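Visitor:
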Amino acid sequence: MRYKIREILLVSSIYDNYLFEEDGRLYELIREEYQNLNLSQAPEITHVTTGEEALELLASTEYSFDLIITTLHIEDMHVVKFAQMVKQSGINLPIILLAYDNRERKDLVMNYDTSIFERIFIWSGDYHLLIGIIKYVEDRYNVENDTLNIGVQSIILVEDNVKFYSSYLPIIYTEIFKQSQRLLEEGVNLTHKFLRMRARPKILLCTNYEEAWNYYEKYQEYILGIILDINFRHHGIKDPEAGIKFAQNVKAQHDDIPILLQSSDISFKEKATQIGASFLHKNSPRLLHDLRDFMLDNFGFGDFVFQTPDGRKVGRASNLDELEEALEKIPEESLAYYAQRNHFSKWLKARTEFWLAHKLRPHKVSDFPSVNDLRRHLIASLKEYKELQRRGVTIDFSKENFDPKNSFARIGGGSLGGKARGLGFINTLITNYEISHKFEGVEISVPSAVVIGTEVFDQFLQMNNLESFAYQETDDLLITQKFIDAEKFPEEILYKLVDFLELVDTPLAVRSSSLLEDSQFQPFAGVYETYMIPNCNPDIKVRLDELLQSIKSVYASTFHKRAKDYLKATSYRLEEEKMAVIVQKLVGAKHGNRFYPDFAGVAKSYNFYPVPPQKSEDGIALVALGLGKTVVEGGNTVRFCPKYPRHLMQFFSTKETLKNAQQDFYALDLNGKLSHHPESIEDPLVKRYELSESEKDGTLFSVGSTYSTENESVYDGISRDGIRVVTFAPVLKHQIFPLPEILDLLLDLGAWGMGTPVEIEFAVNLNVPHGHPKEFAMLQMRPMVLSRELDELRIVDMDEKNLICQSKQVLGNGAINGIYDIVFVDIEKFDRVKSKEVALEVSKFNEQLLKEKRPYILIGVGRWGSFDPWLGIPVTWDQISGASVIVESGFKDFQVTPSQGSHFFQNLTSFRVGYFTVNSYDHSGFIDWEWLKAQPTVNEMIFTKHLRFDRQIAVRINGHENRGVIIKPGVDISDI
Numbered sequence: 000m001r002y003k004i005r006e007i008l009l010v011s012s013i014y015d016n017y018l019f020e021e022d023g024r025l026y027e028l029i030r031e032e033y034q035n036l037n038l039s040q041a042p043e044i045t046h047v048t049t050g051e052e053a054l055e056l057l058a059s060t061e062y063s064f065d066l067i068i069t070t071l072h073i074e075d076m077h078v079v080k081f082a083q084m085v086k087q088s089g090i091n092l093p094i095i096l097l098a099y100d101n102r103e104r105k106d107l108v109m110n111y112d113t114s115i116f117e118r119i120f121i122w123s124g125d126y127h128l129l130i131g132i133i134k135y136v137e138d139r140y141n142v143e144n145d146t147l148n149i150g151v152q153s154i155i156l157v158e159d160n161v162k163f164y165s166s167y168l169p170i171i172y173t174e175i176f177k178q179s180q181r182l183l184e185e186g187v188n189l190t191h192k193f194l195r196m197r198a199r200p201k202i203l204l205c206t207n208y209e210e211a212w213n214y215y216e217k218y219q220e221y222i223l224g225i226i227l228d229i230n231f232r233h234h235g236i237k238d239p240e241a242g243i244k245f246a247q248n249v250k251a252q253h254d255d256i257p258i259l260l261q262s263s264d265i266s267f268k269e270k271a272t273q274i275g276a277s278f279l280h281k282n283s284p285r286l287l288h289d290l291r292d293f294m295l296d297n298f299g300f301g302d303f304v305f306q307t308p309d310g311r312k313v314g315r316a317s318n319l320d321e322l323e324e325a326l327e328k329i330p331e332e333s334l335a336y337y338a339q340r341n342h343f344s345k346w347l348k349a350r351t352e353f354w355l356a357h358k359l360r361p362h363k364v365s366d367f368p369s370v371n372d373l374r375r376h377l378i379a380s381l382k383e384y385k386e387l388q389r390r391g392v393t394i395d396f397s398k399e400n401f402d403p404k405n406s407f408a409r410i411g412g413g414s415l416g417g418k419a420r421g422l423g424f425i426n427t428l429i430t431n432y433e434i435s436h437k438f439e440g441v442e443i444s445v446p447s448a449v450v451i452g453t454e455v456f457d458q459f460l461q462m463n464n465l466e467s468f469a470y471q472e473t474d475d476l477l478i479t480q481k482f483i484d485a486e487k488f489p490e491e492i493l494y495k496l497v498d499f500l501e502l503v504d505t506p507l508a509v510r511s512s513s514l515l516e517d518s519q520f521q522p523f524a525g526v527y528e529t530y531m532i533p534n535c536n537p538d539i540k541v542r543l544d545e546l547l548q549s550i551k552s553v554y555a556s557t558f559h560k561r562a563k564d565y566l567k568a569t570s571y572r573l574e575e576e577k578m579a580v581i582v583q584k585l586v587g588a589k590h591g592n593r594f595y596p597d598f599a600g601v602a603k604s605y606n607f608y609p610v611p612p613q614k615s616e617d618g619i620a621l622v623a624l625g626l627g628k629t630v631v632e633g634g635n636t637v638r639f640c641p642k643y644p645r646h647l648m649q650f651f652s653t654k655e656t657l658k659n660a661q662q663d664f665y666a667l668d669l670n671g672k673l674s675h676h677p678e679s680i681e682d683p684l685v686k687r688y689e690l691s692e693s694e695k696d697g698t699l700f701s702v703g704s705t706y707s708t709e710n711e712s713v714y715d716g717i718s719r720d721g722i723r724v725v726t727f728a729p730v731l732k733h734q735i736f737p738l739p740e741i742l743d744l745l746l747d748l749g750a751w752g753m754g755t756p757v758e759i760e761f762a763v764n765l766n767v768p769h770g771h772p773k774e775f776a777m778l779q780m781r782p783m784v785l786s787r788e789l790d791e792l793r794i795v796d797m798d799e800k801n802l803i804c805q806s807k808q809v810l811g812n813g814a815i816n817g818i819y820d821i822v823f824v825d826i827e828k829f830d831r832v833k834s835k836e837v838a839l840e841v842s843k844f845n846e847q848l849l850k851e852k853r854p855y856i857l858i859g860v861g862r863w864g865s866f867d868p869w870l871g872i873p874v875t876w877d878q879i880s881g882a883s884v885i886v887e888s889g890f891k892d893f894q895v896t897p898s899q900g901s902h903f904f905q906n907l908t909s910f911r912v913g914y915f916t917v918n919s920y921d922h923s924g925f926i927d928w929e930w931l932k933a934q935p936t937v938n939e940m941i942f943t944k945h946l947r948f949d950r951q952i953a954v955r956i957n958g959h960e961n962r963g964v965i966i967k968p969g970v971d972i973s974d975i
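Numbering (numbering that gives the first Met the number 0), first residue to last: 0 to 975.
1. Does the count of Cβ pairs from the stretch 680 to 689 and the stretch 734 to 747 closer than 8 Å reach three?
2. Between the alpha carbons of serine 549 and glutamate 758, how many angstroms are there, rounded?
3. On the CB-based measure, 16 or more other CB atoms within 10 Å of its CB, does isoleucine 175 come out buried or exposed?
4. Let me know the secondary structure DSSP gives glutamine 83 once reduced to three states.
5. On the DSSP bridge list, what partners appear for tryptophan 928?
6. Start and end of the alpha helix (DSSP H) containing glycine 963?
7. Please state if the CB of serine 888 and the CB of isoleucine 856 are separated by a distance shorter than 9 Å.
8. Can you tell me whether DSSP reads lysine 404 as helix, strand or coil?
9. Quickly, what does DSSP pair methionine 531 with across the bridge? List them, please.
10. For the stretch 560 to 567 and the stretch 690 to 699, state whether three or more C-beta atom pairs, one from each stretch, are separated by less than 8 Å.
11. How would you call glycine 987, buried or exposed, if buried means at least 16 neighbouring beta carbons within 10 angstroms?
12. Check whether the stretch 132 to 141 touches the stretch 236 to 256, counting contact only when three or more Cβ pairs, one atom from each stretch, lie closer than 8 Å.
13. Relative to the C-alpha of glutamate 490, which candidate in Tyr554, Ile410, Ile483 and Ala419 has its C-alpha closest?
14. Classify tryptophan 346 as buried or exposed, calling it buried when 16 or more other Cβ atoms lie within 10 Å of its own Cβ.
15. Contact check, leucine 377 vs proline 533 under 8 Å by CB: the rounded distance?
16. Glutamate 6 bridges to which residues according to DSSP?
17. Apart from the five residues just before and just after phenylalanine 300, which ones in its own chain have a Cβ nearer than 7 Å to its Cβ?
18. According to DSSP, what are the bridge partners of histidine 945?
19. What distance in whole Å lies between the Cβ atoms of cysteine 804 and isoleucine 926, which are believed to be in contact at a cut-off of 8 Å?
20. What is the C-beta distance between threonine 479 and serine 552, in whole angstroms, given that I count them as a contact (C-beta under 8 Å)?
21. Would you say the stretch 776 to 783 touches the stretch 445 to 464, given that touching needs at least three Cβ pairs under 8 Å?
22. Work out the CA separation of serine 842 and serine 880 for me, nearest whole Å.
23. Please list the segments of the beta strand (DSSP E) lying wholly inside the stretch 553 to 590, counting only runs of 3 or more residues, in order along the chain.
24. What's the call for tryptophan 930, buried or exposed, on a 16-neighbour Cβ count within 10 Å?
25. Let me know the secondary structure DSSP gives phenylalanine 488 once reduced to three states.
26. Return the chain-ordered list of same chain residues with a C-beta closer than 7 Å to the C-beta of isoleucine 170, the five sequence neighbours on each side being excluded.
27. Can you tell me whether leucine 147 is buried or exposed? The criterion is at least 16 other CB atoms within 10 Å of its CB, across all chains shown.
28. Between which residues of its own chain and serine 701 is the CB-CB distance below 8 Å, once the five residues before and five after are set aside?
29. Given a cut-off of 9 Å, decide if tyrosine 554 and phenylalanine 468 are closer than it, judged by their beta-carbon atoms.
30. Let me make sure I understand the geometry here. Which of Phe761, Tyr221 and Ile73 has the alpha-carbon closest to that of histidine 46?
31. For valine 725 and valine 601, which I take to be in contact (beta-carbon distance under 8 Å), what is that distance rounded to the nearest angstrom?
32. Indicate whether asparagine 812 and glycine 958 have their beta-carbon atoms separated by less than 9 Å.
33. Please determine, among Thr69, Leu476 and Tyr62, the residue with the shortest C-alpha to C-alpha distance to proline 1052.
34. Roughly how many angstroms lie between the CA atoms of isoleucine 619 and proline 641, to the nearest whole one?
35. Would you report the Cα separation of tyrosine 337 and lysine 363, rounded to the nearest angstrom?
36. At which residue ranges does the stretch 127 to 161 contain complete beta strand (DSSP E) runs of 3 or more residues, listed in the order of the chain?
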């Protein structure tokens, strides 16, 4: 753990303390200086006037001091005796002695052993000395850890004149702090800025040759520079040329370490020059000014000023971007001069760019065929480093540091929200574990994005007086319209969005990232809106208007009925929810007036319905051509296990292949325009297209197969005539893209990183320029909910006449009791053309039962939650949120498969809803439809009925075996 001074015990007479205080301003000045220098919290100072009081406080458990500062004048005992008593009591704290006059200090040193003190300083009234003392002590205790583990640089200061180093030390520290402040502007985010301040050079103050040489030998690879007196102790005696000898020995080993020799004897200047050191005359009226100049010029604290050997200035760099620009232009002789002297690595070390500095330093000019080869190496290293800096961290957005290719930045304060946190985390994993180019010809990344923090959401609501309206209004479209019409938006955020749009002119996804979204136990999947915009208009004002409308629409979705109803089913209140917004580059390619990826999907590291030889832990993936809307809304997809990619259960026959295959796809309409008066809350620019359009675009080639009507067979690829079907055979069988391997790796990495099974959303773009890697983009990562599958419940065999339903495809675990109501869709009356009307009827029953606080069992036909009406009933989660158990039955002519990748499915698992799938074709379960239709109804609509019983309906689920039963009311369950 790093040593940090937080509490100081000051022991001095009342008068000494009065001199410190300067009318009570000392503590205030120190705190102000800490704040001005961007240092951490200033330490607290506790003052006592006697040694006895000090020892009592030191022995007390109420206080925890890190440093003792004492003056020569203590009221009740001699200062040396006090220090000895501290050490004898077992308190191992550094003790600093402050003297007011050099004569009294000399008297003390001549008559007493002062080695018990960490260091003695002379107080001249400058409060900066106290800051210097604090940092000096921290540096001595932290230097080993910070140097060897982080690469922090050090400055060795050798000076035995107490008065001199008492004035020198604050000046050097002040200059270092100023240098650190200059570097803060280049920090990519707040964390990086704090790390830069912590990684400032250490100052190692020494008073003799041996002490200094020990530091040099231990940290010689990390020495930024050395400042030496010339006359100091060597082998215990004063050596008038100790500094000269020290400098000669250092230069013999490391000629590039800058050394400053200083003396009151001007004659040493020539000797200093001869050994390659600089010289300062201690009696110079410009001594302190010259010291600052030396540090700026030689320690890399200032700009990198490029000169030719004849002294002509040819370039200047104050940051890495300017250094890169200068390297491209400066003459060869100038470049060679600085490279031979390791000036590049030295300047980088002073700026805490240790990784880059250590990469460059081992190389010599002679290692390269020509100076221009060296130039190319330096520029390439800079580019690589800057990219690494920005990848894997969430940076604070600025136009200068945002890379449109791979940056992940924040705009505004507050939280990033759950979805953005997940993206930031996987971005860090990809970078730290060097996954980006793990697969040849493929780049794995998180698409560049900016995240607008939750504080902006709060500001927007307050500026436009929307809170009261949004909480009370129930009409979703009216809420959205009101938010779109709101004219006020934080001005500084607008400027940053304009900067972002000037850098990014490709299609964007504007996505929700609420505080509660993607949490481990309530993912809020599909609850809030996502909007996609073309962002290609030549007029940036038009693009800004589109972006703002989309952001406001996402804000509005926080207050839609779906979100309000979802929150009612959790322990959270609507007032607790806040919305951040992710503005992210859309992954894909332009095809005429459409934009979409070759394919997108969802993958989970845990499969709830494995089919041998698969195991649950092998995971599952669902993929579809085009945008991922097909997958998350429960459309037809290709399902496969990354470990067994050729084992596709939904394509076990030609007939089932035709039934289960994707028939259309989603893409962004680049010619579409956002209306300021939308007719719906849905994304108006994402449209559905026929599969034939993808063949024209050339994207079907990578995922398509062909059904031949001549011999009723399905052939891989689309080279022959016939009906096109999406099977992903070119990817999964012929391996034109390593999708299974990438998913297997990322699922394992994500699960390891989060400590729980995970779900990821992704998109793949194969349509890239020649020579560029194909793109695998991570769009989301969230934890999965599995807790109910951990305990096994034994289910005994029962007579089927006692069961309403039985299935071997069941999600959940345990016993569910206390249910007396059933809502079911009559299979005889169900009409796929009217599936939206069915969803509305179910929603009305759900609303009534929620009011009555009565859980119920919901039984239906087709896939619940599918937005494709031909596959099932397109309910949203809020329309069935009161159901404790949900049953879905296959059509008479079409089997149902659980859509594990849909948002609907994610919410089922998070709310621990029992989920039964029944298909009569495989005899894996049944529903007693005749019994249901024979029961008296409480209420009945065109397609749905509500049943209520006096005795409870028992539900039993074994999550390990994916088996479950729903038991008729009145049946004895005492043995179950």
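Glycine residues also receive a C-beta, built at the ideal position from the N, C-alpha and C atoms.
Just so we're clear, the structure is a prediction, and the values are computed from it rather than from any experiment.
Guide: Reading it off the structure:
1. The stretch 680 to 689 makes no contact with the stretch 734 to 747: fewer than 3 CB pairs, one atom from each, lie closer than 8 Å.
2. On the sequence shown, position 550 is the one that residue 549 refers to. On the sequence shown, position 759 is the one that residue 758 refers to. For serine 549 and glutamate 758, the distance between alpha carbons rounds to 26 Å.
3. On the sequence shown, residue 175 is found 176 positions in, with the first residue counted as 1. Buried, by the Cβ-count rule.
4. Taking the sequence shown and counting its residues from 1, the one referred to as residue 83 is at position 84. Secondary structure of glutamine 83 (DSSP, three-state): helix.
5. Within the sequence shown, numbered from 1, the residue matching residue 928 stands at position 929. Looking at the DSSP assignment, tryptophan 928 forms no beta bridge with any residue, so it has no partner.
6. Taking the first residue of the sequence shown as position 1, residue 963 is located at position 964. From DSSP, glycine 963 is part of no alpha helix (DSSP H) but of the beta strand (DSSP E) over 962 to 966.
7. Taking the first residue of the sequence shown as position 1, residue 856 is located at position 857. Taking the first residue of the sequence shown as position 1, residue 888 is located at position 889. Not closer than 9 Å, so no.
8. Indexing the sequence shown from 1 puts residue 404 at position 405. Judged by DSSP in its simplified three-state form, lysine 404 adopts coil rather than helix or strand.
9. If you number the sequence shown from 1, residue 531 lands on position 532. According to DSSP, which records beta bridges pairwise, methionine 531 is partnered with Ala508.
10. No, they do not touch.
11. The displayed coordinates of the chain run from 0 to 975. Any statement about residue 987 would go beyond what the structure contains.
12. In this structure the stretch 132 to 141 does not lie against the stretch 236 to 256, because fewer than three pairs of beta carbons, one per stretch, are closer than 8 Å.
13. Along the sequence shown, one-based indexing puts residue 490 at 491. Looking at the Cα atoms, Ile410 is the closest of the given residues.
14. Locating residue 346 in the sequence shown gives position 347, counting from the first residue. Buried, by the Cβ-count rule.
15. The residue you call residue 377 lines up with position 378 of the sequence shown. The residue you call residue 533 lines up with position 534 of the sequence shown. With 8 Å as the limit, leucine 377 and proline 533 do not qualify as a contact, their Cβ atoms being about 40 Å apart.
16. Looking up residue 6 in the sequence shown gives position 7. Glu43, per the DSSP bridge assignment.
17. What you label residue 300 is simply residue 301 of the sequence shown in a count that begins at 1. So the qualifying residues of the chain are Glu174, Gln178, Met294 and Ala349.
18. Indexing the sequence shown from 1 puts residue 945 at position 946. Histidine 945 is bridged to Val822 and Asn938.
19. Residue mapping note: residue 926 aligns to position 927 of the sequence shown, counting from 1. Residue mapping note: residue 804 aligns to position 805 of the sequence shown, counting from 1. Right, their Cβ atoms sit about 5 Å apart.
20. Here residue 479 is taken as the residue at index 480 of the sequence shown, counted from 1. Here residue 552 is taken as the residue at index 553 of the sequence shown, counted from 1. In this structure threonine 479 is in contact with serine 552, their Cβ atoms being roughly 6 Å apart against a cut-off of 8 Å.
21. Yes: the two stretches touch, three or more of their Cβ pairs being nearer than 8 Å.
22. Working through the sequence shown from its first residue, we reach residue 880 at position 881. Working through the sequence shown from its first residue, we reach residue 842 at position 843. Rounded to the nearest angstrom, the two C-alpha atoms are 9 Å apart.
23. If you keep only unbroken beta strand (DSSP E) runs of at least 3 residues inside the stretch 553 to 590, you get 578 to 584 and 588 to 590.
24. Taking the sequence shown and counting its residues from 1, one reaches residue 930 at position 931. Answer is exposed; the Cβ neighbour count stays below 16.
25. Start at 1 with the first residue of the sequence shown, and residue 488 comes out as number 489. Phenylalanine 488 falls in the coil class under three-state DSSP.
26. For this step, residue 170 is matched to residue 171 along the sequence shown. Excluding sequence neighbours, isoleucine 170 sits near Leu287 and Leu290.
27. Here residue 147 corresponds to residue number 148 of the sequence shown, with the count starting at 1. Around the beta carbon of leucine 147, fewer than 16 other beta carbons lie within 10 angstroms, which makes this residue exposed.
28. For the purposes of this step, residue 701 is taken as residue 702 along the sequence shown, with counting starting at 1. Here the set comprises Asp597, Phe598, Pro729, Val730, Ile735, Phe736 and Leu765.
29. Working through the sequence shown from its first residue, we reach residue 468 at position 469. Working through the sequence shown from its first residue, we reach residue 554 at position 555. Going by C-beta atoms, phenylalanine 468 is not nearer than 9 Å to tyrosine 554.
30. Within the sequence shown, numbered from 1, the residue matching residue 46 stands at position 47. Checked all of Phe761, Tyr221 and Ile73; the closest Cα to histidine 46 is Ile73.
31. Counting from one through the sequence shown, the residue named residue 725 turns up at place 726. Counting from one through the sequence shown, the residue named residue 601 turns up at place 602. With 8 Å as the limit, valine 725 and valine 601 do not qualify as a contact, their Cβ atoms being about 16 Å apart.
32. Looking up residue 812 in the sequence shown gives position 813. Looking up residue 958 in the sequence shown gives position 959. Result yes, Cβ atoms of asparagine 812 and glycine 958 sit closer than 9 Å.
33. Summary: the structure shown does not reach residue 1052, with the chain confined to residues 0 through 975, and so no result is reported for it.
34. Walking along the sequence shown from the start, residue 619 turns up at place 620. Walking along the sequence shown from the start, residue 641 turns up at place 642. Computed Cα separation, rounded: 6 Å.
35. Within the sequence shown, the letter at position 338 stands for residue 337. Within the sequence shown, the letter at position 364 stands for residue 363. Tyrosine 337 and lysine 363: Cα-Cα distance of roughly 11 Å.
36. With a minimum length of 3 residues, the continuous beta strand (DSSP E) runs that stay inside the stretch 127 to 161 are 153 to 157.
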